[in-house]
Amino acid sequence: MSATPRTLYDKIWDEHVVRDSGDGACLIYIDRHLVHEVTSPQAFDGLRLNGRKPWSIAANLAVADHNVPTTDRAGGITDPISRTQVDALDSNCAEFGITEFRMNDRRQGIVHVIGPEQGATLPGMTVVCGDSHTSTHGAFGALAFGIGTSEVEHVLATQTLVAKKSRTLRIVVRGQVGPGVTAKDIVLAIIGRIGTAGGTGYAIEFAGEAIAALSMEGRMTVCNMAIEGGARAGLIAVDQTTIDYCKGRPYAPKGETWDRAVAHWRTLHSDDGAVFDSEVVIDAQSIQPQVTWGTSPEMVLPVTASVPDPASVGDAVKRSGMEKALAYMGLQPNQPIESIAIDKVFIGSCTNSRIEDLRAAASVVRGKRKAANVKLALVVPGSGLVKAQAESEGLDRIFTDAGFEWREPGCSMCLAMNADRLEPGERCASTSNRNFEGRQGQGGRTHLVSPAMAAAAGIAGHFVDVRSFV
Amino acid sequence: MRAFTTLTAKVAPLDRPNVDTDAIIPKQYLKSIKRTGFGQFLFDDWRYLDAGDLDIPVASRRPNPDFVLNQPAYRDAQILLSRENFGCGSSREHAVWALDDFGFRAVIASSFADIFYNNSFKTGFLPVALTADVIETLFRELAANPGYTLTIDLPAQRVITPGGLAHAFDIDAFRKDCLIRGLDEIGLTLQHADAIRAYEARRREQAPWLFTNPV
């Protein structure tokens with residue numbers, strides 16, 4: 000044990016330094032590499048071109064999630080371009096011996112759902128994936144971050160990455176949130192406060208009573224969106240909730256090794272007196288259900304608020320950004336958020352497709368009907384195992400009885416690489432993570448909300464405060 | 000990897016903050032399993048008036064005449080000038096490949112998202128961060144001077160204006176060295192293969208649970 004108090008980030012970093020070149024760049028070891036079909040084909044090509052093999056085959060776990068259809072899969076993928084990409088993952092994994100959950104495997108799902116679900120993500124690990132939402136896995140007290148395709152190739156070939164240590168930012172959410180306020184609202188409120196570049200260059204540790212009170216699903220939702228606050232990595236200290244979640248999962252250690260692991264995991268928290276480069280404190284009681292109104296996740300307000308007026312903003316760059324966002328979103332300044340009518344609902348994505356998310360949405364929908372103006376309400380579970388669990392609880396029937404569609408697992412309309420998408424001008428209440436222009440389909444308008452808020456909007460036909468929605 | 004030393008080139012303005020990777024290269028093009036050919040789809044939603052896809056020839060589409068890169072004055076620009084948080088959003092390296100394939104060699108902005116910044120170097124593409132005040136000045140000069148060019152001197156870490164004013168920028172030593180010499184990072188890392196093996200042997204003792212996969 001080092002005498003100097005260390006942050007959680009410091010502890011994991013120190014354990015993974017293979018070599019320190021002395022100029023700030025370190026070679027760090029990667030324990031787990033998650034692979035999906037979109038960002039890996041060029042990396043596998045690179046290996047072949049250079050006659051290289053994966054350094055540690057067992058460190059990799061692959062799944063196709065972005066391109067897969069969420070409707071019946073018996074006939075395979077209809078879109079030939081999507082099919083080619085998924086076929087490429089299948090053949091690359093077969094060629095190099097990498098474990099892959101194929102499309103019709105019941106364990107298939109969104110890469111950031113299945114890693115934790117399988118116990119392939121464990122506390123204290125370094126976890127990377129060619130996907131920015133890899134920050135999700137930081138919920139386990141792991142150092143997890145997204146990488147580009149060249150780094151995917153680098154990890155495959157060397158099991159390491161060249162990296163520079165980040166600065167540390169602690170975000171403390173003090174006290175407990177009120178009823179109807181979820182992990183999604185906490186993280187959206189944080190992004191509203193720090194901005195989408197507020198965490199750039201930092202690893203964020205989320206702390207405080209409100210974070211400690213979250214389930215692992217809620218913690219994953221918070222860490223998932225660290226990248227939306229600009230931070231490649233978000234982390235949460237290990238506690239009993241973390242350990243209970245990991246126990247018994249297929250990739251988790253067993254027997255005496257489990258006991259050794261747990262003893263180590265209990266040290267994975269920031270020491271008293273550890274120094275962070277920056278700190279933000281938020282009062283949990285001040286957080287209300289959140290709705291984004293613009294084309295950046297930082298453009299977010301409580302559901303009780305009204306769309307902001309660019310005329311009231313002094314800074315010219317910011318004002319012009321707001322004007323562009325409002326024009327794209329088809330909104331008027333000062334319009335109450337609750338008056339905004341929606342066309343579609345999307346409940347899913349690596350942010351909010353886990354069992355707890357589906358339970359929260361189902362509890363709002365139970366016994367009600369989708370509003371007539373809502374053309375489509377999609378519920379897309381995060382994995383085949385989440386889907387099976389939800390069905391065993393009867394959640395699928397609650398959704399379908401209300402006129403919501405119950406689909407097969409995948410990324411779906413979070414980024415619309417498969418057939419699920421918004422048409423130009425359509426407005427969506429979405430539990431995903433990005434409201435960028437065109438994200439859910441060209442010309443589509445995305446409002447980010449929690450699963451309960453998305454469900455309530457689907458029933459009411461417009462945004463409503465889930466706290467007073469009965 | 001292609002080396003980058005100095006570049007004097009025409010500058011194109013993209014005057015907005017938070018240019019995200021979905022805007023740089025929309026998702027439908029990520030279905031390509033190649034590393035090239037993305038330039039034709041760069042800023043696709045802004046650049047064309049109609050929707051596109053990998054199997055729709057761009058020649059059949061309607062360019063948006065108002066979009067800056069469709070203006071003849073900027074066709075051969077190799078430096079893009081933008082505002083803060085450039086490249087925010089996803090980890091898609093395709094964003095860098097698209098800028099590079101279009102003909103850009105560098106982006107100058109007041110700040111960059113981490114993953115985009117990191118990805119840039121892998122293609123020999125240079126992201127240069129200058130202060131918001133300097134960026135504002137460059138936008139003004141560019142607007143006032145058709146055919147505006149800048150020189151980026153990587154070894155000296157300077158951006159030099161036509162008027163001879165030099166603006167210093169930061170870059171870490173390892174990245175700078177790799178870029179100037181066009182080094183292959185994987186090859187460099189594999190020179191330390193013994194250190195990686197030694198680390199693994201140590202970790203198997205300390206943390207055996209990291210090596211107990213059911214595969």
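The listed protein sequences correspond, in order, to chains V and F. According to numbering that gives the first Met the number 0, the first sequence holds residues 0 to 469 in order. According to numbering that gives the first Met the number 0, the second sequence holds residues 0 to 214 in order. Think of the CB as a built atom: it goes at the ideal place given N, C-alpha and C, for glycine as much as any other residue.
- At a cut-off of 3 residues, the continuous stretches assigned as beta strand (DSSP E) that sit fully inside the region 176–250 of chain V are 201–206 and 232–234.
- If you draw a straight line from the Cα of D43/F to the Cα of M321/V, it comes to about 21 Å.
- Inclusion of V385/V and I339/V in the CB contact set at 7 Å is not warranted, their separation being larger than that value.
- Considered as a whole, the region 154–204 of chain F harbours 157–159 and 165–167 as its complete beta strand (DSSP E) runs of no fewer than 3 residues, in chain order.
- The C-beta separation of C25/V from R18/V comes to about 7 Å, placing the pair in contact by the 8 Å criterion.
- Within 7 Å of the CB of R34/F, the CB atoms of chain V belong to Q41, in sequence order along the chain.
- Nearest C-alpha to A108/F among E92/F, I114/F and D132/F: D132/F.
- At a cut-off of 7 Å between beta-carbon atoms, Y198/F makes contact with chain V.
- Judged by DSSP secondary structure, E14/V falls within the alpha helix (DSSP H) whose first and last residues are L7 to H15.
- Excluding residues up to 5 positions away in sequence, P4 and R5 lie with their Cβ nearer than 7 Å to the Cβ of D270/V in the same chain.
- When beta bridges are read from the DSSP output, R18/V appears opposite L26/V.
- If you ignore the 5 residues before and after N118/F, its C-beta comes within less than 7 Å of the C-beta of E92 and V95, all in its own chain and listed in chain order.
- Interface annotation for the region 165–187 of chain F against chain V: D171, A172, F173, E184 and I185, criterion Cβ-Cβ distance under 7 Å.
- Using a Cβ-Cβ cut-off of 7 Å, T130/F does not count as an interface residue toward chain V, since no Cβ of chain V sits closer than that to its own.
- Between G88/F and D19/F, the beta carbon gap of about 4 Å places them in contact (Cβ cut-off 8 Å).
- With fewer than 16 other CB atoms across the displayed protein chains lying within 10 angstroms of its CB, R1/F is exposed.
- R82, E83, N84, C87, G88, S89, S90, R91 and E92: these are the residues of the region 74–92 of chain F whose beta carbon lies less than 7 Å from some beta carbon of chain V, given in chain order.
- Per the DSSP secondary-structure output, N59/V pairs in a beta bridge with H32/V.
- When beta bridges are read from the DSSP output, F468/V appears opposite no residue.
- Under the Cβ criterion of 7 Å, K26/F is counted among the residues facing chain V.
- The Cβ atoms of L125/F and F3/F lie closer than 7 Å to each other.
- With a 10 Å radius around the Cβ and a threshold of 16 neighbouring Cβ atoms, T77/V comes out exposed.
- For the region 426–444 of chain V, the set of positions with a beta-carbon nearer than 7 Å to some beta-carbon of chain F reads R433, F435, E436, G437, R438 and Q441 in chain order.
- A distance below 7 Å between beta-carbons, with the five flanking residues on each side excluded, links Q158/V to the following residues of its chain, in chain order: Y28, I29, W54, S55 and A58.
- Note on geometry: alpha-carbon atoms of R106/V and W264/V lie some 26 Å from one another.
- Taking the Cα positions, P56/F is about 28 Å away from D14/F.
- DSSP lists Q289/V as the beta-bridge partner residues of P301/V.
- A direct Cα-Cα distance of roughly 17 Å separates A324/V from E227/V.
- Counting of Cβ neighbours within 10 angstroms places Q239/V among the exposed residues, the total staying below 16.
- Shown here, K367/V sits in coil according to DSSP, grouped into three states, outside any helix or strand.
- The continuous beta strand (DSSP E) containing E99/V extends over residues T98 to F100.
- Around the C-beta of K52/V, fewer than 16 other C-beta atoms lie within 10 Å, and the residue is accordingly described as exposed.
- Between the region 402–412 of chain V and the region 61–69 of chain F there are fewer than three C-beta pairs closer than 8 Å, too few to call the two in contact.
- Contact between L80/F and F138/F holds, since their C-beta atoms are separated by about 7 Å, short of 8 Å.
- Under the Cβ criterion of 7 Å, A194/F is counted among the residues facing chain V.
- By the beta-carbon neighbour count (other beta carbons within 10 angstroms, threshold 16), P288/V is buried.
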